[in-house]
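Before any comments, here is the structure.
There are 2 protein chains.
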Amino acid sequence: MEEQDIKRAGLKVTQPRLKILDLLGNTRERHLSAEDIYKILLGNGDEIGLATVYRALTQFEAAGLVNRHHFEGGQAVFELASEEHHDHMVCMRTGRVLEFCDEIIEQRQRELAHQHNFRITGHSLILYGEFLDNNDEKA
Amino acid sequence: MEEQDIKRAGLKVTQPRLKILDLLGNTRERHLSAEDIYKILLGNGDEIGLATVYRALTQFEAAGLVNRHHFEGGQAVFELASEEHHDHMVCMRTGRVLEFCDEIIEQRQRELAHQHNFRITGHSLILYGEFLDNNDEKA
DNA sequence: ATTAACATGATAAAGCATCTCATTTCACTC
DNA sequence: GAGTGAAATGAGATGCTTTATCATGTTAAT
Ligand SMILES: [Zn+2]
Ligand SMILES: [Zn+2]
Ligand SMILES: [Zn+2]
Ligand SMILES: [Zn+2]
Chain A
0 MEEQDIKRAG LKVTQPRLKI LDLLGNTRER HLSAEDIYKI LLGNGDEIGL
50 ATVYRALTQF EAAGLVNRHH FEGGQAVFEL ASEEHHDHMV CMRTGRVLEF
100 CDEIIEQRQR ELAHQHNFRI TGHSLILYGE FLDNNDEKA
Chain B
0 MEEQDIKRAG LKVTQPRLKI LDLLGNTRER HLSAEDIYKI LLGNGDEIGL
50 ATVYRALTQF EAAGLVNRHH FEGGQAVFEL ASEEHHDHMV CMRTGRVLEF
100 CDEIIEQRQR ELAHQHNFRI TGHSLILYGE FLDNNDEKA
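So, in structure tokens, the structure goes:
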């Protein structure tokens, strides 16, 4: 339950925080910008401020509830943190985002880091391009 | 010669453009932000505007002379385009950047894209962390 | 040298994100 | 359930990076 997540993060359980987590968990587009979230909630008739959305997302990120990604051009996007790590393919035509995780790549990153005496704390792998089939925004 | 590069890009050969390309080619820190470049040139006694730096870099990027990267936090960084592609390890402690290229990872990216009917037009792979040896800013 | 197109740079403006602060809400006690 | 202090909210101001505007200056070809 979202309430437990918020409490575990050492934060008060408030309406804005619940609304944001609920939205992130129940939208079909996993990756939303702060402004997306703000506008969707406003559209739902909820009262919320953009500053609150940014604040909550930053706190959720610090607590490991949410991940932030900087896709090319524009705002950062946020998604509910999933158990297993993944990277992203981003369609420059439709905005569609596909998640993937490849153990060969992940392993290779660790090897390269080790070779260079580098301790990895995080990484970002994003493939930009376009999907050749057209089942993009259909159902 | 930088003059040829600029002409080939369909741009007029001007002092600011020459200075910027020259700086990018002759500094030991390959990866510089627009403001870095602006300040270094000012410090050299050159007269230049920040807007010109941004404009020139954007034009150089469009011409393939320069690559832009969005490392975490803050400004984009620019570097002279090298013949062969590479990715980056970024030290969060010192700012040191190490370039690498791993054919296994590159190949795997192509395979994954193909599997998902995705045509890659570009990608970004950045490892964040810290170097464990301390030969960071020495020599 | 003339000229027309292009480039420059100071400043304004845009876009994204964070900060400020007066007011409200939460969580806990009695 | 009312009282209380701490934390959170939201409107707006502010900050930071980047782009747009536009009057002036420069380039390159005649
Ligand atoms: Zn990964
Ligand atoms: Zn994702
Ligand atoms: Zn690569
Ligand atoms: Zn590089």
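If you're matching them up, the sequences are chains A and B in order.
Residue numbering for the first sequence follows numbering that gives the first Met the number 0, starting at 0 and increasing by one per position.
Residue numbering for the second sequence follows numbering that gives the first Met the number 0, starting at 0 and increasing by one per position.
Even for Gly, the Cβ is constructed at its ideal location relative to N, Cα and C.
Inter-residue spacing [alpha-carbon to alpha-carbon] between residue i and residue j
i	j	result
leucine 124 of chain A	methionine 0 of chain A	30 Å
alanine 55 of chain A	glutamate 28 of chain A	19 Å
histidine 122 of chain B	arginine 109 of chain B	11 Å
arginine 67 of chain B	glutamate 71 of chain A	11 Å
leucine 97 of chain A	threonine 51 of chain A	28 Å
arginine 7 of chain A	glutamate 83 of chain A	20 Å
glycine 63 of chain B	histidine 115 of chain A	29 Å
isoleucine 47 of chain A	glutamine 74 of chain B	30 Å
histidine 30 of chain B	valine 12 of chain A	44 Å
tyrosine 53 of chain A	leucine 49 of chain B	30 Å
alanine 138 of chain B	leucine 17 of chain A	Because alanine 138 of chain B sits at a pLDDT of 40, beneath the cut-off of 50, its placement in the model cannot be relied upon, and the point is left open.
glycine 44 of chain B	phenylalanine 117 of chain A	38 Å
isoleucine 36 of chain A	valine 65 of chain A	13 Å
glutamine 3 of chain B	serine 32 of chain A	42 Å
aspartate 132 of chain B	serine 81 of chain A	33 Å
leucine 41 of chain A	threonine 26 of chain A	15 Å
threonine 38 of chain A	isoleucine 19 of chain A	Residue identity check: residue 38 of chain A is lysine in the sequence provided, not threonine. Whole-angstrom Cα-Cα distance: 11 Å.
proline 15 of chain B	glutamate 102 of chain B	37 Å
glycine 9 of chain B	glycine 128 of chain A	27 Å
aspartate 21 of chain B	alanine 61 of chain B	18 Å
threonine 93 of chain B	glutamate 34 of chain B	18 Å
threonine 57 of chain A	threonine 57 of chain B	31 Å
Buried versus exposed, by CB contacts within 10 Å (16 or more), residue i
i	result
glutamine 106 of chain B	exposed
isoleucine 5 of chain A	buried
leucine 126 of chain B	buried
isoleucine 104 of chain A	buried
glutamate 136 of chain A	Low local confidence applies: a pLDDT of 49 at glutamate 136 of chain A is under 50, so the model's placement there is unreliable, and no value is given.
Residue i beta carbon near ligand 4 (any heavy atom closer than 8 Å)
i	result
glutamate 71 of chain B	no
glutamate 78 of chain B	yes
valine 96 of chain B	yes
arginine 29 of chain B	yes
asparagine 25 of chain B	no
histidine 115 of chain A	no
Nearest-angstrom beta carbon gap, residue j and residue i [assumed within contact, 8 Å]
i	j	result
leucine 111 of chain A	leucine 23 of chain A	In fact, because the Cβ distance is near 33 Å, the residues do not count as touching under 8 Å.
methionine 91 of chain A	threonine 120 of chain B	7 Å
phenylalanine 99 of chain B	aspartate 86 of chain B	6 Å
arginine 95 of chain B	phenylalanine 130 of chain B	6 Å
histidine 69 of chain A	histidine 113 of chain B	That pair is no contact at about 26 Å.
Residue i beta carbon near ligand 1 (any heavy atom closer than 8 Å)
i	result
leucine 124 of chain A	yes
glutamine 108 of chain A	yes
aspartate 86 of chain B	no
Distance cut-off 8 Å: residue i Cβ against heavy atoms of ligand 2
i	result
arginine 118 of chain B	no
asparagine 66 of chain A	yes
Residue i: CB within 8 Å of a non-hydrogen atom of ligand 3
i	result
isoleucine 103 of chain B	no
cysteine 90 of chain A	no
cysteine 100 of chain B	yes
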